[in-house]
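Peer 1: Submitted below is the structure of interest, expressed as structure tokens.
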Amino acid sequence: KNQVEQSPQSLIILEGKNCTLQCNYTVSPFSNLRWYKQDTGRGPVSLTIMTFSENTKSNGRYTATLDADTKQSSLHITASQLSDSASYICVFFQRGSGGSYIPTFGRGTSLIVHP
Amino acid sequence: GAVVSQHPSWVICKSGTSVKIECRSLDFQATTMFWYRQFPKQSLMLMATSNEGSKATYEQGVEKDKFLINHASLTLSTLTVTSAHPEDSSFYICSAEDSYTEAFFGQGTRLTVV
């Protein structure tokens, strides 16, 4: 069964600090991996996208990594800001028989940045 | 990037009435749309998958007669919560994809049934 486990479940850091969120997966094979940021009461917004063959992808202060050997992905946030407080979700996409992308979601990490 | 618009952003309705939520892809043709439900501090739960012009595929445990999904065009899918009850109060999110790119999410709809 495809599973995606995220850790930690929640994290509190001080503004300006760096943090790393983890995602362990069993989804195989997959086409793409995305990390999303979801603010409370809003839909998820894509931060990074990687194909199964990529190892790292950056988007500003966000850097995602993928290790196919250990089946782990991480999202590193540098110089955190108060606006980074949100839920971060990793999602693996597989191609279905009909051609659509089938997602498997992690449960998310809730990040709180304190001043 | 691609834009998916969901409407309304929030709605309050009386118990027993029906509520329709729209999901539109604004700048691409969505061959597949997904509808999710999310409870507070929980992950998104897939309710159903809809392809343009065909019947939606519902996840196990989701009542298809209660949550009516219509994907009439390549840019519009609707979710109608029929005879809503307080336990249907939740955050509903849609996502849309075309043949090349997956999962652009709408901004979500907060449904409160009183």
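Residue numbers (the working numbering), protein chains in the order written: chain B, 1 to 115; chain Z, 1001 to 1114. Heads up, the beta-carbon is just placed ideally off N, CA and C, and yes, glycines get one too. All figures in this text were calculated on a predicted structure; none of them were measured in a lab.
Determine whether the Cβ of B/S85 lies closer than 8 Å to any Cβ atom of chain Z.
Peer 2: Here residue 85 of chain B corresponds to residue number 85 of the first sequence, with the count starting at 1. No, because no Cβ of chain Z sits closer than 8 Å to the Cβ of B/S85.
Peer 1: Tell me whether B/I99 is buried or exposed, calling it buried when 16 or more other Cβ atoms sit within 10 Å of its Cβ.
Peer 2: Position 99 of the first sequence, counted from the start, is the residue given in the question as residue 99 of chain B. It is worth fixing the name first, because residue 99 of chain B is Gly in this sequence and not Ile. Exposed: under 16 other Cβ atoms inside 10 Å.
Peer 1: Please report the distance separating the alpha-carbon of B/N55 from that of B/Y36.
Peer 2: On the first sequence, residue 55 of chain B is found 55 positions in, with the first residue counted as 1. On the first sequence, residue 36 of chain B is found 36 positions in, with the first residue counted as 1. So the alpha carbons of these two residues sit roughly 17 Å apart.
Peer 1: What whole-angstrom Cβ distance do Z/E1022 and Z/T1112 have, given they're in contact under 8 Å?
Peer 2: Locating residue 1022 of chain Z in the second sequence gives position 22, counting from the first residue. Locating residue 1112 of chain Z in the second sequence gives position 112, counting from the first residue. Rounded, the Cβ-Cβ distance is 18 Å, inconsistent with contact.
Peer 1: Give every residue of the same chain whose Cβ lies closer than 8 Å to the Cβ of Z/S1054, excluding the five residues on either side of it in the sequence, and list them in chain order.
Peer 2: Mapped onto the second sequence, residue 1054 of chain Z falls at position 54. Correct list, in chain order: H1071.
Peer 1: CA-CA distance, Z/R1024 and Z/C1094?
Peer 2: Counted from its first residue, the second sequence places residue 1024 of chain Z at position 24. Counted from its first residue, the second sequence places residue 1094 of chain Z at position 94. Roughly 9 Å separates the two Cα atoms.
Peer 1: Using the three-state DSSP reduction, which class does Z/S1095 fall into: helix, strand or coil?
Peer 2: The sequence position of residue 1095 of chain Z within the second sequence is 95, counting from 1. Z/S1095: strand per DSSP, three-state reduction.
Peer 1: Quick check on the burial criterion: 16 or more other C-beta atoms within 10 angstroms. Buried or exposed for Z/F1105?
Peer 2: Here residue 1105 of chain Z refers to the residue found at position 105 when the second sequence is read from its first residue. Buried is the call here.
Peer 1: So, B/H130 versus B/T20, is the Cβ gap smaller than 8 Å?
Peer 2: An answer regarding residue 130 of chain B cannot be provided, because it is not within the stretch 1 to 115 covered by chain B.
Peer 1: Going by DSSP in three states, B/P115 sits in which element: helix, strand or coil?
Peer 2: The residue you call residue 115 of chain B lines up with position 115 of the first sequence. B/P115: coil per DSSP, three-state reduction.
Peer 1: How far does the beta strand (DSSP E) with B/N59 in it reach, from first residue to last?
Peer 2: The residue you call residue 59 of chain B lines up with position 59 of the first sequence. Start and end: 56-59.
Peer 1: Would you list the one or two residues that DSSP bridges to B/A64?
Peer 2: Along the first sequence, read from residue 1 onward, the residue named residue 64 of chain B stands at position 64. For B/A64, which the question treats as bridged, DSSP gives the partners B/K57, B/L75.
Peer 1: Report the option in B/E15, B/V27, B/Y25, B/S53 whose CA atom is closest to the CA atom of B/V85.
Peer 2: One-based indexing of the first sequence puts residue 85 of chain B at position 85. Per the sequence shown, residue 85 of chain B should be read as Ser rather than Val. The option with the nearest alpha carbon to B/S85 is B/E15.
Peer 1: Residues of the segment 56-76 of chain B in Cβ contact with chain Z at a cutoff of 9 Å, in chain order, please.
Peer 2: Those would be none; no residue qualifies.
Peer 1: Which residues of the segment 1022-1056 of chain Z have a Cβ closer than 8 Å to any Cβ of chain B? Give them in chain order.
Peer 2: Taking 8 Å as the Cβ-Cβ cut-off against chain B, the residues of the segment 1022-1056 of chain Z that qualify are T1031, T1032, F1034, K1041, Q1042, S1043, L1044, L1046, T1049, N1051.
Peer 1: Does B/S83 come out as helix, strand or coil in the three-state DSSP assignment?
Peer 2: The residue given as residue 83 of chain B occupies position 83 in the first sequence. Note: B/S83 maps to helix in three-state DSSP.
Peer 1: If you check the beta carbons only, do B/K71 and B/N24 fall under 8 Å apart?
Peer 2: Here residue 71 of chain B refers to the residue found at position 71 when the first sequence is read from its first residue. Here residue 24 of chain B refers to the residue found at position 24 when the first sequence is read from its first residue. Yes; because the gap between Cβ atoms is below 8 Å, this pair is in contact.
Peer 1: According to DSSP, is Z/E1063 part of a helix, a strand, or is it coil?
Peer 2: Locating residue 1063 of chain Z in the second sequence gives position 63, where the first residue counts as 1. Correct three-state label for Z/E1063: coil.
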